[in-house]
Amino acid sequence: MVPSPALTYADLADLATSSTVIATAQVMKVARLKPEQAPGVAPGHARLYIEARTVAVLSGRGLDGGGQEGSGLDGGGLRESLRYLADVALDARGRPPALNKKTQVILFARTVPGSPGELRLVAPDAQVTWTAELDQRVRGLLTELVAPDAAPRVTGVREAIHVPGNLGGEGETQVSLATRAGEPVSLTIVRRPGDSPVWGVSFSEIVDQAARPPARDTLAWYRLACFLPATLRADAMIGANDSDRAIAAEDYALVIRDLGPCPRSRLPFAGGR
Numbered sequence: 006m007v008p009s010p011a012l013t014y015a016d017l018a019d020l021a022t023s024s025t026v027i028a029t030a031q032v033m034k035v036a037r038l039k040p041e042q043a044p045g046v047a048p049g050h051a052r053l054y055i056e057a058r059t060v061a062v063l064s065g066r067g068l069d070g071g072g073q074e075g076s077g078l079d080g081g082g083l084r085e086s087l088r089y090l091a092d093v094a095l096d097a098r099g100r101p102p103a104l105n106k107k108t109q110v111i112l113f114a115r116t117v118p119g120s121p122g123e124l125r126l127v128a129p130d131a132q133v134t135w136t137a138e139l140d141q142r143v144r145g146l147l148t149e150l151v152a153p154d155a156a157p158r159v160t161g162v163r164e165a166i167h168v169p170g171n172l173g174g175e176g177e178t179q180v181s182l183a184t185r186a187g188e189p190v191s192l193t194i195v196r197r198p199g200d201s202p203v204w205g206v207s208f209s210e211i212v213d214q215a216a217r218p219p220a221r222d223t224l225a226w227y228r229l230a231c232f233l234p235a236t237l238r239a240d241a242m243i244g245a246n247d248s249d250r251a252i253a254a255e256d257y258a259l260v261i262r263d264l265g266p267c268p269r270s271r272l273p274f275a276g277g278r
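Everything in the sequence shown is counted per the working numbering, starting at 6 for the first residue and increasing by one.
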């Protein structure tokens, strides 16, 4: 299991956006599978068969467009008895971590059609140790994900254009972003004579010059910092001349620099976007 303090916001968002059910559970029974029963396990890890008791369902609806029809999970639809497989790191003596009936975990998973009570973790390490602090962080993230104005999945840059103003050093760069479902997202970078450039993000058809950058470790920040390309493609830049294109590239670089890196303590996986 990944220790909960090591999980970054991006780690949790990767897990949550790939899950259709997120629950806290109490471990009841653990059995280590033999190597021949656990193909693909990473070196230094073991695969466990775990039976657990549902403590609370934090989310039981398809998040981020990844829901399963007919899951029927609304906080009370998940069975009390759960079964699943999890990969865990072995200690120096080659032993898995001690899991007993006092151990509580948070599971990021999907239900298995036709197998009530069986879960499939969205990643081998998607069982994490429960703590009150982690529980609060996950609940805060889920609140962001289900908000009506939740930031959508960003998949890249569609186009960027810089329009110079009437005064020297004045201008505005608009960067239109591509999203998975075609939702409008745009970056606006404004330059004024004598001032440093300022930028913001708009998650609507209306481009707002008063928009501001998203706060770090929020869903909007995650969508941008973790999935925008580091540089603009040459064919994405629209401009009448090389100077305007160069300014657009410079303004985009400012956005990437201000967003900062997207730290993870675990590798992202397919679907974790």
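Backbone N, C-alpha and C fix where the C-beta goes; we use that ideal spot for every residue, glycine too. As the structure is a prediction and not an experimental result, all values here were calculated from the model.
Straight-line CA distance for residue i to residue j?
i: ARG84; j: ILE261; result: 44 Å
i: ARG185; j: ARG100; result: 42 Å
i: ASP16; j: GLY161; result: 20 Å
i: LYS106; j: LYS34; result: 8 Å
i: THR42; j: PRO129; result: The residue asked about is misnamed: residue 42 is Gln in this sequence, not Thr. Rounded to the nearest angstrom, the two C-alpha atoms are 15 Å apart.
i: SER248; j: PRO48; result: 52 Å
i: GLU175; j: ALA251; result: 15 Å
i: ALA30; j: ASP19; result: 20 Å
i: ALA11; j: TRP226; result: 19 Å
i: ALA21; j: THR59; result: 18 Å
i: PRO202; j: ARG163; result: 22 Å
i: ALA36; j: LEU104; result: 10 Å
i: ALA156; j: GLU188; result: 9 Å
Following the continuous alpha helix (DSSP H) through residue i, name the residue where it begins and the one where it ends.
i: THR148; result: 137-151
i: LEU17; result: 14-21
i: SER191; result: SER191 -> not in any alpha helix (DSSP H); beta strand (DSSP E) instead, spanning 191-196.
i: ARG228; result: 224-230
i: ILE252; result: 247-264
I think residue i touches residue j, with their Cβ atoms under 8 Å apart; what is that distance to the nearest whole Å?
i: HIS50; j: VAL93; result: 6 Å
i: LEU87; j: LEU124; result: 6 Å
i: VAL195; j: PHE208; result: With 8 Å as the limit, VAL195 and PHE208 do not qualify as a contact, their Cβ atoms being about 18 Å apart.
Looking at the secondary structure, which residues open and close the beta strand (DSSP E) in which residue i lies?
i: LEU272; result: Run containing LEU272: none; DSSP gives neither H nor E here.
i: LEU124; result: 124-126
i: SER24; result: No beta strand (DSSP E) contains SER24, which DSSP labels as neither H nor E.
i: PRO169; result: 159-169
i: THR178; result: 176-184
i: GLN132; result: 132-134
i: GLY205; result: 203-207
Report the option in the options whose CA atom is closest to the CA atom of residue i.
i: ASN171; options: ILE27, THR223 and PRO198; result: PRO198
i: LEU38; options: ALA91, LEU139 and ALA21; result: ALA91
i: LEU182; options: GLU255, ALA61 and VAL212; result: VAL212
i: ARG217; options: LEU224, GLY205 and ASP263; result: GLY205
i: GLY255; options: CYS267, MET242 and PRO266; result: In the sequence on display, residue 255 carries Glu and not Gly. Nearest of CYS267, MET242 and PRO266 to GLU255, Cα basis: MET242.
i: THR134; options: GLY45, VAL151 and LEU112; result: LEU112
Contact between the region 218-236 and the region 163-177 (3+ Cβ pairs under 8 Å): Counting Cβ pairs under 8 Å, fewer than three are found: no touch.
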